[in-house]
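Participant: Chains as they are written, first to last, in our numbering: chain A, 7 to 391; chain C, 7 to 391.
There are 2 protein chains.
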Amino acid sequence: MRYPDGFEFELLHTDGQARLGRLTTPHAKIDTPVFMPVGTQGTVKTLAADDLETMDARIFLVNTYHLYLRPGVDIVEKMGRVHGFTSWPRAILSDSGGYQVFSHLGRNKITDEGVRFQSHFDGSYHDFTPEGVIEIQRRLGPDIIMSFDECVPYPTTPEKAKIGVERTTAWAKRGVKQFEKLEADGSYPSQLLHGIIQGSVYGDLRRMSTEKLLELDFPGYSIGGLSVGEPKELMTEMLEVTLPLLPTDKQRYLMGVGYPEDILMAVERGIDMFDCVLPTRNARTGLVFTATGPYNFRNAVAAEDDRPLDPDCDCYVCRRYSRAYLRHLYSVSEITAHRLASFHSVNFFIRMMRDIRAAIKENRFIAFKDQFLSKYCENRACSRE
Amino acid sequence: MRYPDGFEFELLHTDGQARLGRLTTPHAKIDTPVFMPVGTQGTVKTLAADDLETMDARIFLVNTYHLYLRPGVDIVEKMGRVHGFTSWPRAILSDSGGYQVFSHLGRNKITDEGVRFQSHFDGSYHDFTPEGVIEIQRRLGPDIIMSFDECVPYPTTPEKAKIGVERTTAWAKRGVKQFEKLEADGSYPSQLLHGIIQGSVYGDLRRMSTEKLLELDFPGYSIGGLSVGEPKELMTEMLEVTLPLLPTDKQRYLMGVGYPEDILMAVERGIDMFDCVLPTRNARTGLVFTATGPYNFRNAVAAEDDRPLDPDCDCYVCRRYSRAYLRHLYSVSEITAHRLASFHSVNFFIRMMRDIRAAIKENRFIAFKDQFLSKYCENRACSRE
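1. Let's test the definition: count the other Cβ atoms within 10 Å of the Cβ of V307(C) and tell me whether it reaches 16, buried, or not, exposed.
2. In chain C, which residues lie with their C-beta within 8 angstroms of the C-beta of M85(A)?
3. Using the beta-carbon of each residue, which ones in chain C are nearer than 9 angstroms to R345(A)?
4. Could you tell me which of D255(A), H350(A) and L270(A) sits nearest to N288(A), measuring between CA atoms?
5. Just mark P148(A) as buried or exposed, buried being the case when its beta carbon has 16 or more other beta carbons within 10 Å.
6. For I98(C), go through chain A and note every residue whose CB falls closer than 8 angstroms to its CB, in chain order.
7. Just list the alpha helix (DSSP H) runs in the stretch 165-199 of chain A, keeping only unbroken ones of 4 residues or longer that don't cross its boundaries, in chain order.
8. Please list, in chain order, the chain C residues whose beta carbon lies closer than 9 angstroms to that of I81(A).
9. Among the candidates E172(A), P164(A) and T163(A), whose CA atom is the shortest distance from the CA of D155(A)?
10. Comparing the C-beta of P77(A) with each C-beta of chain C, is any distance below 8 angstroms?
11. Going by DSSP, what residue range makes up the beta strand (DSSP E) through M359(A)?
12. Going by DSSP in three states, C282(A) sits in which element: helix, strand or coil?
13. Just to confirm my understanding: we take L251(A), look at its own chain, exclude 5 residues before and 5 after, and list those with CB closer than 8 angstroms. What are they?
14. Please confirm whether I203(A) and S233(A) have their CB atoms less than 8 angstroms apart.
15. What first and last residue would you give for the alpha helix (DSSP H) that runs through M6(A)?
16. Under the rule that 16 or more other beta-carbon atoms within 10 Å means buried, what is S109(C), buried or exposed?
17. Are any of the Cβ atoms in chain A nearer than 8 angstroms to that of Q47(C)?
18. Please report the residue range of the alpha helix (DSSP H) in which K84(A) lies.
19. Around the C-beta of E391(A), are 16 or more other C-beta atoms found within 10 angstroms, so that it is buried, or is it exposed?
20. Nearest CA to the CA of A54(C): which residue from A330(A), V323(A), F378(A) and T242(A)?
21. List the DSSP bridge partners of H132(A).
22. The beta strand (DSSP E) that contains I98(A), what's its start and end?
23. Which bits of chain C does F91(A) rub up against, with CB to CB less than 8 angstroms?
24. Residues of chain A with CB under 7 angstroms from V338(C), in chain order?
25. Quick test of the definition: if touching needs 3 or more C-beta pairs under 8 angstroms, does the stretch 63-83 of chain A touch the stretch 351-366 of chain C?
26. Could you please give me the residues that DSSP links to K115(C) through a beta bridge?
27. On the CB-based measure, 16 or more other CB atoms within 10 Å of its CB, does T248(A) come out buried or exposed?
28. Less than 8 angstroms between the beta carbons of Y259(C) and H200(C), yes or no?
29. With DSSP run on the structure shown, which of helix, strand or coil describes F66(C)?
30. If I measure Cβ to Cβ from V207(C) and keep anything under 6 angstroms in the same chain, skipping five residues before and after, which residues do I get?
31. Please state whether DSSP places D21(C) in a helix, a strand or coil.
32. What are the complete beta strand (DSSP E) segments, minimum 3 residues, inside the stretch 297-343 of chain A?
33. Below 8 angstroms CB to CB, which residues in the same chain sit around M7(A) once its five sequence neighbours on both sides are set aside?
34. So the candidates are I140(A), D133(A), L346(A) and Q377(A); which of them puts its Cα closest to the Cα of T92(C)?
35. Return the CA-CA distance between G176(A) and D255(A), expressed in angstroms with no decimal places.
36. Quick one: grab the DSSP three-state call for P10(C).
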């Protein structure tokens, strides 16, 4: 594929396999490794665009499946595509919807042609095809879009995983064709299309999936189908199989990952981009990420604790509010508790990535990782320690 | 009563009966007439302290009844009283809890001694006495606190309203005594105590209530028991009976009011302070205040409307977001919709008060009021037009 206008990925420095890079899109310069907050329905839950700007987030993720169902592609397109609609001037990435249509199993019918699924809102029937999903994403207009893939659930058999890889490969080809056809049309913004590598937890299938996608020469690669319940060792193993095959001059995105310890593991092996709902989803249950590990501010002991959520954090929430106040807000069902906790935790991930980049630049990534984990895991067992 | 240290009310200018003033507390200088956002449980619902600062709110209101039940007075006191607990460095006013304990009728037993009520959280029994309510508020520590009053529901009989006035008078006396006793103790922050005028919709009872409270020489007066369902004409009439009796050099607070048209009516008659849950409560149902009247962004026509909530507004929400986006967020249950709408509407009231003050200063309040209402009511009948 032709590398799209207005985009660039520069590999600036490596420290072992860990990579410091810069991904430029028409809307932002994104330093990598980067954590992308998830804004499934066009907003990072409980936060607003200025909150993300305060954290210096340069990119966030929207979900094709959700925006397609509500408010619908017509409305988003008419309101200035995703950037205009969400009033977010920086970069946006959309996932293909593959993960969503496959994670509502039973309601869906998968064929080589595509997927027929039922809306989780109103039960109406819809078809996602590799061509359709590309067209939807071209119309929605994010900077970076994804091929339609079959995300096989875990656990699965090698046979089913192989069918998934073959379908993902065939769909990637059809997606590229559709992408280039619409490109010729000239009426869509410049966008960068990622291929998505599948293969479940089988090294040979991951290798096959990677090699097939490489033939299509995508300007960027995503690794999908991990962090879906498999043991962490298998996730590590799949990255170790896949990453050496990928070109060094293109960005690599590990989809849906993850915990801080997973991110460190993956950065060490050469991943550039991450996204995860954990910081916001957990925050809404009272669980936030801190330098010394997860912390639940709903605990009774927080009631008279005047310390910030994370004494090591300088975010606006930690500078201003106590655990006692946040616990109170949560106890009395004030949604401000959800927002403040989400702000802190998303900022935690964004700051961690900034620290990771600084460490790579100074060739001290491993030392940083060890130091981070030794503090992060001091209060409990940590799978990545 | 002695006027408390660190407090001052200056009457700067009058335009007819409308008053421009400045209320100084140890935490803020508050230009009056002022609208105080309501933060019942220690936060203005969906907003955070920095949101209020962005709007230049100088004071907000907390609820004695709610904070007493959760998190409890001990915790608030230990966490630096209400200012420390909520991390709000400017002024805070607390209501006495009278309205709350009387609005949960059937669960409460009222005697001359006080009220025994059941918590709406867990059904536990509690007693509020005039002395106890003062002590709770001294410990909570807001700048301005309220006497315990009997807020008679509407409609009621003159007999019951008279008992309410007599009780409120007796309780005010007991409250003052307790306040001064605790003042002598020296361990509480300097606070300003308001007496609350009752009397339902009966002019002679309002007059009686006012005269009795004047004997106690409060440093400020609240008018309670209005905006509880009575016809608007009666609210106006009660203000016209009461306000001429009050000293001009002390601030007057009309509790729980109200709609923009009510605020204009009351400013015209000499009220200095207002509070109301309307901007936040309505916003959470999709209804916001705009220069041309209430606007519901849940309406289907909003789906493709790229205008801001209020084209005449320069708040951060109106500068950044479209009706289409807010409608979408609301439709898909993103609480960010509640926050952004609440921000706009609270800011609407604060800006309206700023405009009112400018108009009074320039002796054009009546012209301002007429102009405001003619635009505000252009799309529908307006009771105050």
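For glycine and all other residues, C-beta sits at the position ideal for the given N, C-alpha and C.
Facilitator: On the basis of the coordinates in this document:
1. exposed
2. E310, D312, S328, A330 and Y331
3. T52, A54, I341, T342 and R345
4. H350(A)
5. buried
6. Per Cβ cutoff of 8 angstroms: no residues; I98(C) is ~14 angstroms from chain A at best.
7. none
8. A309, E310, A330 and H334
9. E172(A)
10. yes
11. Not the beta strand (DSSP E): M359(A) falls in the alpha helix (DSSP H), residues T342 to K367.
12. strand
13. R213, T216, E217 and L220
14. no
15. Because chain A in this structure spans residues 7 to 391, residue 6(A) falls outside the shown range and cannot be described.
16. exposed
17. yes
18. V79 to K84
19. Residue placement at E391(A) is flagged as unreliable, the pLDDT there being 37, under the threshold of 50; a coordinate-derived value is accordingly withheld.
20. V323(A)
21. F123(A)
22. A97 to D101
23. S328, A330, Y331 and H334
24. Q47 and R76
25. no
26. R122(C)
27. buried
28. yes
29. strand
30. E236 and L240
31. strand
32. 299-302
33. V182, F185, E186, L199, L222, D223, F224 and P225
34. L346(A)
35. Before going on, a small fix: residue 176(A) reads as Ala here, not Gly. Rounded to whole angstroms, A176(A) to D255(A) spans 25 angstroms at the Cα level.
36. coil
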